[in-house]
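Novice: Residue numbers (this note's numbering), protein chains in the order written: chain F, 8 to 334; chain L, 8 to 334; chain Z, 10 to 291; chain W, 10 to 291.
In this text, a Cβ means the ideal position worked out from N, Cα and C, and glycines have one as well.
This one's a predicted model, so the numbers in the text were calculated from it and none came from an experiment.
Input: one structure, supplied below.
Next comes the structure, spelled out in structure tokens:
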């Protein structure tokens with residue numbers, strides 16, 4: 008039982024060395040344990056909690072229940088040098104790249120296209136290879152407060168070679184087993200159905216890993232379709248996805264996932280859903296960003312000026328399968 | 008990054024070597040993927056799915072939302088040589104010992120007393136030391152399909168010395184970190200609020216680790232207060248705790264936790280709740296078992312003859328805080 | 010040449026591949042399907058026609074959904090594809106279900122596949138650091154291809170897709186093909202690619218050498234034509250099977266209920282065949 | 010000797026300990042409380058009287074409940090103690106919250122404690138294999154004492170409880186007391202026992218040697234009497250503090266709202282003191 012466990016192989020992908028005790032010290036010194044209101048505007052949330060050079064992670068993507076309004080605010084505030092987790096993402100990574108915010112991407116899956124291709128070719132954005140599951144699993148490690156976790160995949164592939172995984176030996180079975188380093192993002196964005204002012208958050212429907220993301224991240228920004236009374240949270244404790252003390256900022260963002268959908272609330276705006284990819288293909292991302300980001304002060308103004316109440320009504324009406332989300 | 012990771016220290020407690028691939032092969036060959044009815048009597052569930060020598064684990068305990076009716080059926084069927092997980096348990100471990108069913112106990116916490124003391128002193132029951140959290144964490148490892156997990160506790164104590172944990176070196180930070188072997192019980196008992204005939208299971212309220220227990224175990228017996236129509240499960244998918252394919256048997260067991268409580272349904276029967284411990288103190292466990300186990304054919308007969316409808320009514324009425332459980 | 014009296018049938022290679030895979034779906038197995046798109050359509054076609062009770066999971070954590078037909082125009086992130094699931098949970102949970110051995114089949118699409126079933130979804134051409142064309146990455150394919158018992162891979166029969174060496178092995182097949190190669194890499198025992206499915210041909214793998222083997226061809230092509238479309242020469246089954254002609258009813262089903270928008274299935278090469286003989290119509 | 014004119018006050022050592030700890034509870038900290046019983050009563054006494062908004066978790070996965078007073082007669086497994094939580098989750102989740110550094114204080118009870126705050130809840134007397142008296146095990150105490158920033162331990166001031174060596178170290182204090190001993194054992198940095206609380210005395214630990222230090226004594230006892238009740242001699246604080254006398258209102262609160270059944274607090278030694286001077290009444 009007590010032999011030594013050699014490192015059999017090791018990927019060469021860049022990653023931040025895990026530091027569970029450093030993370031604990033941050034939590035001890037920076038997270039408020041009290042029930043205090045964390046309600047802020049999208050502007051305030053991003054300026055206070057997203058810094059140049061941060062490792063940025065988010066749950067889902069701009070196609071579905073993603074933090075669309077926060078993506079646009081990050082671009083509006085011209086945040087730089089972000090290391091982005093592309094776990095089960097869509098065009099949101101290209102959007103952030105087009106906005107000049109990104110220097111590194113941990114790849115699980117992302118919708119690709121000219122913007123991404125150019126950035127990779129000219130070297131302005133560096134990619135590190137993982138997979139959707141491996142990135143979620145690294146968040147699990149981060150959420151457990153351990154430096155790494157063993158797992159049963161990644162091994163044997165070029166993905167492994169370009170990742171930060173290692174192939175080691177299980178101290179119990181002495182079989183080869185992969186291990187991945189814990190990931191503790193600097194800042195997490197989570198778009199939710201409901202939250203109270205303290206940060207108690209409810210996400211409905213299937214998802215990727217909002218719980219582990221919130222637990223593993225130093226700073227957590229929740230944007231919510233609806234702000235609910237704290238007593239409602241306490242009356243149904245089993246509906247809570249994330250308890251308040253993990254959350255630093257709560258932004259009230261109706262249609263925050265636009266142009267994406269939020270299950271149980273509204274469908275995607277198909278036309279605009281595809282507009283950014285189209286703009287990329289035509290080399291017109293600047294025009295896209297001007298219209299949807301720079302020319303509007305915030306998310307609400309974007310909705311008012313570029314979408315309109317009628318369209319929003321229609322998107323709500325088009326989501327006809329609400330069964331199971333709010334009950 | 009690629010040094011070797013020595014085993015710095017190693018506990019001497021007995022454990023079954025983890026075997027993720029053996030577990031996978033069992034799952035491949037024995038678990039039904041189809042939607043078929045798994046409704047059986049408590050008699051049938053225990054005779055088919057609990058074998059002498061099995062490693063037995065269960066969620067919670069005979070004080071609250073535990074599988075009381077299944078404990079008694081296991082004793083009634085005189086199962087032998089069980090290795091029992093005492094994770095956040097109560098007098099249920101002593102009950103199973105008094106019934107002659109137990110040869111080993113993995114200790115997190117258990118209500119102790121004369122029965123336990125005698126069994127330990129005469130060597131008829133062997134104890135191995137862990138903690139509530141360490142046993143739940145070993146189930147997490149078992150539920151992830153990995154052979155072990157690193158963790159940040161147990162180290163430095165006599166508990167560690169009497170456990171199967173090792174102190175190793177994290178391949179990333181090169182700091183000392185404990186690791187515990189995955190636990191994959193042979194059989195799991197889970198008492199739930201609701202289940203459908205296929206095994207889709209709902210547990211309401213706070214708990215210990217029903218999800219990881221169901222995932223990590225080869226055979227899973229669910230006893231449920233209520234059997235619901237499968238369509239009800241599909242209409243509210245986010246209320247499902249355990250999907251059907253983990254479950255082998257579903258037993259309809261109203262008041263299955265008796266004399267314990269089920270939150271949101273009924274309170275504990277305080278008098279009987281303490282009766283077994285009292286019997287142990289007075290050396291009268293045989294009389295207790297005769298009355299509550301051997302002299303009755305099954306759970307329903309026990310309720311009818313030894314408790315009575317009036318008492319059961321009163322226990323339901325006494326649980327006045329139902330808020331949050333069924334909504 | 011074909012009897013000009015016979016009716017003809019036109020379909021895309023994607024439609025044909027969906028038809029082929031749909032016939033493999035069994036009710037007593039569990040499937041792990043990658044994202045929305047053709048693989049999910051193939052599974053749902055099988056569920057609609059042959060195995061209504063079949064259970065499957067998708068990466069974003071829906072367990073055994075029972076979507077209504079016709080399927081939504083846009084499946085990614087639509088509530089329609091998660092409708093009537095037995096559980097809504099997370100990616101981490103369904104990945105664990107696969108790690109535990111519950112997922113019998115993984116259903117995936119690939120850009121490139123090699124002789125041993127290793128496949129690529131990362132980049133084509135150039136080098137890793139200077140790729141000619143970058144793609145989105147493995148997504149969930151790596152964990153699915155590693156942890157499900159058997160993997161079914163959809164792709165197109167083209168020389169640039171059936172290659173001697175993948176430009177990048179995003180997800181594992183039998184690696185170098187040697188016995189135990191996957192186990193030595195830390196992957197679960199006795200797993201690996203099982204079928205490679207294209208419109209014109211279906212492939213399996215030799216149990217010992219793990220080399221790709223041509224098992225069946227469509228009536229509108231031949232073994233030689235198939236092999237001519239591959240960069241490497243596969244093993245050839247002793248008894249060559251014949252892929253079924255997509256039925257008119259099947260194609261109607263795909264176009265009306267599986268991909269009503271046509272956004273997925275109408276892409277790709279169109280084939281026109283003699284509906285009776287199955288031969289290509291010039 | 011006391012002025013017989015003064016009113017007297019009678020309480021158990023458990024009641025006094027609950028009063029002492031309740032005064033330490035702060036609203037801007039998070040607490041991890043072990044199981045039901047005296048530690049939870051002490052926390053809830055603090056919440057009731059001094060820090061109504063204080064957040065705490067219990068092992069069985071209730072996050073920041075807000076129970077109504079009077080508390081239920083039997084707290085273990087009663088819905089009353091989980092009432093109005095902000096979340097109902099699992100033991101694994103709250104243990105992880107502690108692992109991440111969110112839990113400022115762990116609140117525990119111990120059978121035996123040594124000079125360095127290591128404590129025992131496993132067996133007393135004899136050997137591990139042949140114990141004189143076996144107990145229930147650490148429960149959640151090991152993970153709480155390892156992963157919370159600071160640990161507060163309740164026990165009774167008796168020679169057999171403050172021992173040179175624990176019969177069994179179930180949960181970690183400062184181990185052998187040397188700098189970095191906990192870190193070398195794989196435990197999170199900068200954690201450890203903070204206070205040991207009994208009815209008659211409160212102890213802290215020296216920052217460098219990690220030896221237990223007597224910090225405060227109750228008015229009805231003296232430093233010498235306290236040390237006489239210990240198997241080892243603790244460090245003695247330069248400025249000895251004085252523990253407050255339990256107030257009549259506090260005792261009324263305990264007996265009417267915290268432990269109405271008296272099952273927990275009425276156990277233990279009764280003390281009768283002069284309510285004014287705080288001296289024992291003969």
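Can the beta-carbon of residue 92 of chain F be found closer than 8 Å to that of residue 109 of chain W?
Specialist: Not a contact, by the Cβ cut-off of 8 Å.
Novice: Got a sec? Which residues, its chain only, sit under 6 Å from residue 27 of chain F by beta carbon, not counting five neighbours each side?
Specialist: Within the same chain, residue 27 of chain F has close Cβ partners 152, 154.
Novice: Would residue 83 of chain W count as contacting chain F if we go by Cβ distances under 8 Å?
Specialist: So, not an interface residue.
Novice: If you follow the alpha helix (DSSP H) that residue 81 of chain L is in, where does it begin and where does it stop?
Specialist: Per DSSP, residue 81 of chain L belongs to the alpha helix (DSSP H) from 75-83.
Novice: Can you pull out the residues from the segment 201-214 of chain L whose beta carbon lies closer than 7 Å to at least one beta carbon of chain F?
Specialist: Under the 7 Å Cβ criterion, the segment 201-214 of chain L contributes 211, 212.
Novice: Consult DSSP for residue 294 of chain L and reduce its assignment to one of helix, strand or coil.
Specialist: If DSSP states are grouped into helix, strand and coil, residue 294 of chain L belongs with the helices.
Novice: Which bits of chain L does residue 97 of chain Z rub up against, with CB to CB less than 7 Å?
Specialist: Residues of chain L passing the Cβ test: 244, 245.
Novice: Helix, strand or coil: how does DSSP classify residue 213 of chain Z here?
Specialist: Three-state result, residue 213 of chain Z: strand.
Novice: Can you name, in chain order, every residue of its own chain whose Cβ lies under 6 Å from the Cβ of residue 22 of chain L, other than the five neighbours on each side?
Specialist: Only 171, 188 meet the Cβ criterion.
Novice: Could you tell me whether the Cβ of residue 156 of chain L comes closer than 8 Å to any Cβ of chain F?
Specialist: Output row for residue 156 of chain L: interface = yes.
Novice: With DSSP run on the structure shown, which of helix, strand or coil describes residue 10 of chain Z?
Specialist: Because residue 10 of chain Z carries a pLDDT of 46, less than 50, the predicted location of this residue cannot be relied on, and no value is offered for it.
Novice: Taking only beta-carbon atoms, is residue 159 of chain L less than 8 Å away from chain C?
Specialist: The structure shown has no chain C; the protein chains it does contain are F, L, Z and W.
Novice: Return helix, strand or coil for residue 38 of chain Z, following the three-state DSSP convention.
Specialist: Here residue 38 of chain Z sits in coil by DSSP.
Novice: Could you tell me which chain W residues have their CB closer than 9 Å to the CB of residue 185 of chain L, listed as they occur along the chain?
Specialist: Those within 9 Å of residue 185 of chain L in chain W are 194, 195, 196.
Novice: When the cut-off is 8 Å and only beta carbons count, does residue 224 of chain F lie next to chain W?
Specialist: Taking Cβ atoms only, chain W never reaches closer than 8 Å to residue 224 of chain F, which makes this a no.
Novice: Does the beta carbon of residue 179 of chain F sit closer than 8 Å to a beta carbon anywhere in chain L?
Specialist: Yes, residue 179 of chain F lies at the interface with chain L (some Cβ there is under 8 Å from its Cβ).
Novice: Got a sec? Which residues, its chain only, sit under 8 Å from residue 204 of chain L by beta carbon, not counting five neighbours each side?
Specialist: Correct list, in chain order: 44, 45, 46, 234, 237, 257.
Novice: Spell out whether any CB of chain F is found under 8 Å from the CB atom of residue 174 of chain Z.
Specialist: By this cut-off, residue 174 of chain Z is not an interface position.
Novice: Is any beta-carbon of chain L found at less than 8 Å from that of residue 11 of chain Z?
Specialist: Reliability of the predicted coordinates at residue 11 of chain Z is poor, the pLDDT of 49 falling under 50, and no value is obtained from them.
Novice: Can you list, in chain order, the stretches of the beta strand (DSSP E) that have 3 or more residues and sit fully within the segment 231-267 of chain L?
Specialist: Correct list: 256-259.
Novice: Output the residue ranges of the beta strand (DSSP E) runs that lie fully inside the segment 107-190 of chain L and measure 3 residues or longer, sorted by chain position.
Specialist: Runs found: 109-114, 133-136, 155-158, 173-176, 183-188.
Novice: With a cut-off of 8 Å on the beta carbons, I'd call residue 145 of chain W and residue 70 of chain L a contact; round off their distance for me.
Specialist: Actually they do not touch by this definition, with Cβ atoms about 13 Å apart.
Novice: Using only the alpha-carbon positions, how far apart do residue 84 of chain F and residue 291 of chain F sit?
Specialist: Cα to Cα, residue 84 of chain F sits roughly 20 Å from residue 291 of chain F.
Novice: Strictly below 8 Å CB to CB, what residues from chain W border residue 188 of chain F?
Specialist: Near residue 188 of chain F there are no residues of chain W at all, since even the closest Cβ is about 16 Å away, more than 8 Å.
Novice: With H, G and I counted as helix, E and B as strand and the rest as coil, what does DSSP make of residue 328 of chain F?
Specialist: In this structure, residue 328 of chain F counts as coil in the three-state DSSP scheme.
Novice: Whole-angstrom Cβ separation of residue 50 of chain W and residue 27 of chain W, contact assumed at under 8 Å?
Specialist: The Cβ separation is near 6 Å, so the contact holds.
Novice: For chain Z, is any of its Cβ atoms less than 8 Å away from the one on residue 123 of chain F?
Specialist: Chain Z, which has a Cβ nearer than 8 Å to the Cβ of residue 123 of chain F, makes this yes.
Novice: Closer than 6 Å by C-beta to residue 261 of chain F: which residues in its own chain qualify, once you throw out the five before and the five after it? Chain order, please.
Specialist: Within the same chain, residue 261 of chain F has close Cβ partners 232.
Novice: Let me know the secondary structure DSSP gives residue 288 of chain Z once reduced to three states.
Specialist: Here residue 288 of chain Z sits in coil by DSSP.
Novice: Note down the Cα distance separating residue 6 of chain F from residue 280 of chain L, rounded to an integer number of angstroms.
Specialist: Coverage of chain F is limited to positions 8 through 334, which leaves residue 6 of chain F absent and any answer about it impossible.
Novice: Given this structure, state the Cα-to-Cα distance separating residue 86 of chain F from residue 308 of chain F, to the nearest angstrom.
Specialist: Approximately 21 Å, taken between the alpha carbons.
Novice: Using a cut-off of 8 Å between C-beta atoms, extract the partners of residue 38 of chain W located in chain F.
Specialist: Those within 8 Å of residue 38 of chain W in chain F are 40.
Novice: Going by beta-carbon coordinates alone, are residue 90 of chain F and residue 123 of chain F separated by less than 8 Å?
Specialist: In this structure, residue 123 of chain F does not lie closer than 8 Å to residue 90 of chain F by Cβ.
Novice: State the Cα-Cα distance for the pair residue 9 of chain F and residue 113 of chain L, rounded to the nearest angstrom.
Specialist: With a pLDDT of 41 at residue 9 of chain F, under the threshold of 50, the modelled position of this residue cannot be trusted; read the value that follows with caution. Each residue's alpha carbon lies about 22 Å from the other.
Novice: State the Cα-Cα distance for the pair residue 204 of chain Z and residue 159 of chain W, rounded to the nearest angstrom.
Specialist: Approximately 57 Å, taken between the alpha carbons.
Novice: At 4 residues or longer, what runs of the alpha helix (DSSP H) sit wholly inside the segment 82-136 of chain Z?
Specialist: Taking only runs of at least 4 residues, the alpha helix (DSSP H) segments lying wholly in the segment 82-136 of chain Z are 100-108.
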